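Here my numbering is used: the first residue of the sequence shown is -9, the next is one more, and so on.
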Amino acid sequence: MALDLYEHNANAYMAAYEMMDKYGKAAIVHPTGTGKSYIAFKLIEAHPNEMIIWLSPSEYIFKTQRESLLRQDQDFPLQNVRFYTYAKLMCSTPEQLNQIAEQNPTYIILDEFHRIGAEFWGESTQRLLALCPRAKLLGLTATNVRYLDNNRDMAEELFDGHVASEMTLGEAIVRGILPAPKYVTTVFKYQQDLARYQSRVDNLRSPGIQDVNQKYLDALKRALEQADGLDRVFAHHITNKSGKYIVFCSGKEHMDEMISHVPEWFAAIDTKPTVYKALSDDPATDKAFAAFKADNSKHLKLLFCIDMLNEGVHVAGISGVILFRPTISPIIYKQQIGRALTAGDSATPLILDVVNNFEGLSSISGLQNEMTAAVQRLYANGEGDKIVTDRFEVVEQVHNCRVLFEQLQSSLSSTWDHYFSEASIYYAENGNLDIPRRYKTPMGLSLGAWLQMQRQIRSGKCTGSLTEQQIERLDSIGMRWDSYNDLAWTRGLAAAEQYYAKHGDLLVPVGWVTDDGFLLGTWVCNRRAEKAAGKLDDDKIEKLENIGMVWDAFSEKWERGFAAAAQYYAEHGNLVMPVSYTTKDGLRLGVWVRNQKQTYANGTLQQEKAARLEDIGIRWEQNNYDFQWSEAYAAAKRYFEEYGSLNVPIAYTTADGIALGKWVARQQYARNNPGKSNCKLTPQRVALLDAIGMQWEKPDPWQHRYEQAQDYLQEHGNLLIPAKYKTDDGIWLGRWLYEQKVLLRKQSPKLNADKIDKLRKLLGEEPTEKVG
-9 MALDLYEHNA
1 NAYMAAYEMM
11 DKYGKAAIVH
21 PTGTGKSYIA
31 FKLIEAHPNE
41 MIIWLSPSEY
51 IFKTQRESLL
61 RQDQDFPLQN
71 VRFYTYAKLM
81 CSTPEQLNQI
91 AEQNPTYIIL
101 DEFHRIGAEF
111 WGESTQRLLA
121 LCPRAKLLGL
131 TATNVRYLDN
141 NRDMAEELFD
151 GHVASEMTLG
161 EAIVRGILPA
171 PKYVTTVFKY
181 QQDLARYQSR
191 VDNLRSPGIQ
201 DVNQKYLDAL
211 KRALEQADGL
221 DRVFAHHITN
231 KSGKYIVFCS
241 GKEHMDEMIS
251 HVPEWFAAID
261 TKPTVYKALS
271 DDPATDKAFA
281 AFKADNSKHL
291 KLLFCIDMLN
301 EGVHVAGISG
311 VILFRPTISP
321 IIYKQQIGRA
331 LTAGDSATPL
341 ILDVVNNFEG
351 LSSISGLQNE
361 MTAAVQRLYA
371 NGEGDKIVTD
381 RFEVVEQVHN
391 CRVLFEQLQS
401 SLSSTWDHYF
411 SEASIYYAEN
421 GNLDIPRRYK
431 TPMGLSLGAW
441 LQMQRQIRSG
451 KCTGSLTEQQ
461 IERLDSIGMR
471 WDSYNDLAWT
481 RGLAAAEQYY
491 AKHGDLLVPV
501 GWVTDDGFLL
511 GTWVCNRRAE
521 KAAGKLDDDK
531 IEKLENIGMV
541 WDAFSEKWER
551 GFAAAAQYYA
561 EHGNLVMPVS
571 YTTKDGLRLG
581 VWVRNQKQTY
591 ANGTLQQEKA
601 ARLEDIGIRW
611 EQNNYDFQWS
621 EAYAAAKRYF
631 EEYGSLNVPI
641 AYTTADGIAL
651 GKWVARQQYA
661 RNNPGKSNCK
671 LTPQRVALLD
681 AIGMQWEKPD
691 PWQHRYEQAQ
701 DYLQEHGNLL
711 IPAKYKTDDG
721 IWLGRWLYEQ
731 KVLLRKQSPK
741 LNADKIDKLR
751 KLLGEEPTEK
761 VG
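Listed below in structure tokens is the structure:
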């Protein structure tokens, strides 16, 4: 059956198809949740006999999109689609990129194309596009502007501004494409921000101005102290007590802290909420995410995640999102909101915006402004009938706080003289005003943006006025009126010249940072990307080539890797090393050797390179998995020799970083579940493990703890186990014994007759009489 699109997507598809036919490329900028991926699927359906390449940030995104599609149409044709991630392109050799290009794709789909602005992903993607000049490009994203990357417009860079359809999140809500949410704002941590702003007020030089700002700050403190705690906010607004909520966190430590508060914050809703965790680099995430999606219990369900569901992945039946992650990126902010908004859903999702910093108090205003602009535009275009709603419910617990904060900000930072004073201080400390646009002073003043505005005002690119006196004052502290891009080029070239003078080449490691903090490795990579895209001036090309610039860094990097491998062979007599092995000068040689083996196995390693590697002892048949297994086995043998068993706690990690507890558990699982594990457990390895006491069957947990209690009694002469006592394998023995005493006293059915007798004997009580 033919794929039916929502009206907004059908219109976007037709516009994009016509634009690709005319210009060879088209971008679609629609917010998260509106079904952009189905536009690409429609293109695939319309061209079943054409080769199509789909590029995406991750396999996970494409996998979930595909699953969603096949739930609607199991017979949808995807046999002509080849899927690759941007990361895979980045790791591909020129030969491998050529192989991809030789498939002669008619169309290339660039999913989440704003991500191609990333340094390495962009370079490798541009290489592939250059190898496929006849392929037509379809780009999909929710936000084409990289706000934290000098506001780069990726629709302009990749598609020459050919945007077939553009829609903001606010417009999608106004038109009823996405449901209007209930938006609740509250505050969580603000003490550090208060201290920072108190410092700014204390540093004001005028006593009169200082008094005014102190009054604003004191009022803000009082308002924050009167705000409800999160337990009351959640209890009041989370009305679906068995709903599913996604909780966004900023990092593993932050997520663990938030989870620790679950009993405190959600007790009034559900005393036993189900908590799931999703981390982008955790192999257990797939299982947890699947369980979360399938969970239809009556309990509250909370999925805590980090960098996992920001883009491209949707979950059906989401009741809302809780935003704990502080971010200044409009892209991430809108993507997180989008997890709760899905086209065609009539429910009112809940967005709980838990503000972590003062700057976040105004985050909702951006969405409200988008809705206002959309309403005005639709009326102006005679499309007022498309307006479904012009507002959504906002519960601002922090309204007074926001107003007071904005007044404080305005009072602290509004005058030209105040910015000039900060610029003077920066110049006195650094000797220049070459400041990036995003730079803020230690007190939070956006000095970089202000200086850029002065340049734009003087050049006529921005409204405003600068007096001759103000220009002279800025000149007196070293103001350079060039654009920031020109300043960055000058600084980058100077840093490159210094690197060349010291090292004799311009093969700058990607993460190289100069002593004064300049990201030279990134700068050099970006120049290569500009050259590949034809956007680097001939004059700049010549200047870089004069100091040893290598435009094709692949061959140079291979030679550097080979030289390091030859040195390793000279020292060790082989090329057997962990994947994690890194040379003293920072070259990841273990990864490089593994890549050569993979390239050789794929048949794409040049014969001349293979022969050179064989001369220095590479063994193609030996894989890193075998080496890692042998390394872990040696650690297990040492553990057995020290402790007399392989009862390794699951969290146990050796001093040199081997997760031995998890490794032992994987071997047990592989033996007991043949065919279900990726672990290669040969009969020889089973014999080796048997020799060091491997127990393939897990012991009964109750019996295991009982025997540990017996050992404690024999060693100490009593069962007065301290509360903090923990066995070698991580068991809180005192807590277990206390629980057994309670069960024994209550005659709980959880204890059978055998366990009761054993406990009474352990505790010195008379055993129960056996009948019959």
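Think of the CB as a built atom: it goes at the ideal place given N, C-alpha and C, for glycine as much as any other residue. A quick note: this is a predicted structure, and the numbers were derived from the prediction, not measured.
Contact belief for residue i with residue j at Cβ below 8 Å, rounded distance in angstroms
i: T24; j: L168; result: 7 Å
i: L87; j: G129; result: Not confirmed; about 20 Å, so no contact.
i: I467; j: Y429; result: At roughly 16 Å, the Cβ-Cβ gap does not stay under 8 Å, so I467 and Y429 are not in contact.
i: L496; j: M539; result: 5 Å
i: P639; j: G647; result: Their Cβ separation, rounded to whole angstroms, is 16 Å, which puts P639 and G647 out of contact at 8 Å.
i: G511; j: P499; result: 5 Å
i: S164; j: I377; result: Checking the displayed sequence, the identity of residue 164 turns out to be Val instead of Ser. That belief holds up - the Cβ atoms of V164 and I377 are roughly 6 Å apart, short of 8 Å.
i: R381; j: L423; result: No, R381 and L423 are not in contact; Cβ-Cβ is about 44 Å, not under 8 Å.
i: L636; j: G683; result: 5 Å
i: I606; j: A655; result: Going by Cβ atoms, the distance from I606 to A655 rounds to 38 Å, so no, they are not a contact pair.
Per DSSP, the bridge partner or partners of residue i
i: Y97; result: I42 and K126
i: T131; result: V19
i: V311; result: I236 and I341
i: I296; result: L269
i: V71; result: I42
i: E8; result: DSSP, once it has assigned bridges, lists no residue as partnering E8.
i: E156; result: V19
i: D143; result: V135
i: Y173; result: I341 and V384
i: T264; result: K291
Secondary structure of residue i, DSSP reduced to three states
i: A257; result: coil
i: I531; result: helix
i: C669; result: coil
i: D424; result: coil
i: G754; result: coil
i: K492; result: helix
i: T275; result: helix
i: E687; result: coil
i: K748; result: helix
i: K291; result: strand
i: Y3; result: helix
i: T379; result: coil
i: Y369; result: helix
i: Q460; result: helix
i: H(-2); result: helix
i: N203; result: helix
Residue i vs residue j beta-carbon contact at 8 Å
i: F149; j: V237; result: no
i: I537; j: E487; result: yes
i: G551; j: W502; result: no
i: L671; j: Q657; result: yes
i: S27; j: Q55; result: yes
i: N203; j: L437; result: no
i: A217; j: C391; result: yes
i: L290; j: D260; result: yes
i: K242; j: L269; result: yes
i: I608; j: L577; result: no
i: K12; j: L127; result: no
i: M245; j: I308; result: no
Spatial neighbours of residue i in its chain, beta-carbon cut-off 8 Å, leaving aside the 5 residues before and after
i: S287; result: S232 and T264
i: Y76; result: L45, S46, P47, R105, I106, A108, W111, S114 and T115
i: L(-5); result: Y3, G25, Y28, I29 and K32
Close-in-space but distant-in-sequence residues of the same chain around residue i (CB under 6 Å, 5 per side omitted)
i: E161; result: A364
i: I318; result: Confidence at I318 is low in this model, with a pLDDT of 45, below 50, so its placement is unreliable and no value can be given for it.
i: H20; result: K26 and M157
i: Q93; result: M41
i: W653; result: A622
i: L595; result: T589
Closer than 8 Å to chain C by CB, residue i
i: Y235; result: Of the chains in the structure shown, none is chain C; there is only one protein chain.
Same chain only: Cβ atoms within 7 Å of residue i, ignoring 5 sequence neighbours per side
i: Y642; result: L650 and G651
i: E520; result: L526
i: E8; result: none
i: Y715; result: L723 and G724
i: V569; result: G580, V581, R584 and N614
i: F256; result: F224, P263 and L290
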